[in-house]
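J.:
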């Protein structure tokens, strides 16, 4: 399986909270791990910007902005 994938951007709604189950892209996983965000971390959707594909999340107590392709790598259990 390739580490590059063209997953569909997630359909998340503002206010949803859950737990990060898995990160499918190793580059995204590395970026988040540096910030202390690992599987099991609490995730809340703060904003979804449909016009630019941006996702603003609160993860492990930190505010994080992700592009649609980065967000697509996250598996979150809501």
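In my numbering, the protein residues as written are 150 to 227.
Backbone N, C-alpha and C define an ideal beta-carbon position, used for all residues, glycine too.
1) Does the Cβ-Cβ distance between residue 213 and residue 168 come in under 8 Å?
2) Can you give me the C-alpha to C-alpha distance between residue 158 and residue 184, rounded to a whole angstrom?
3) By how many angstroms is the C-alpha of residue 179 removed from the C-alpha of residue 199?
4) I'd like the span of the beta strand (DSSP E) that includes residue 214, first residue to last.
5) Drop a sphere of 10 angstroms on the beta-carbon of residue 221, count the other beta-carbons inside from all chains shown, and report buried for 16 or more, exposed for fewer.
T.: In this structure, then:
1) Taking 8 Å as the cut-off, the beta carbon of residue 213 is found no closer than this to the beta carbon of residue 168.
2) One C-alpha to the other measures close to 23 Å.
3) Roughly 26 Å separates the two Cα atoms.
4) Residue 214 -> beta strand (DSSP E) spans 211-215.
5) With 16 or more other CB atoms across the displayed protein chains lying within 10 angstroms of its CB, residue 221 is buried.
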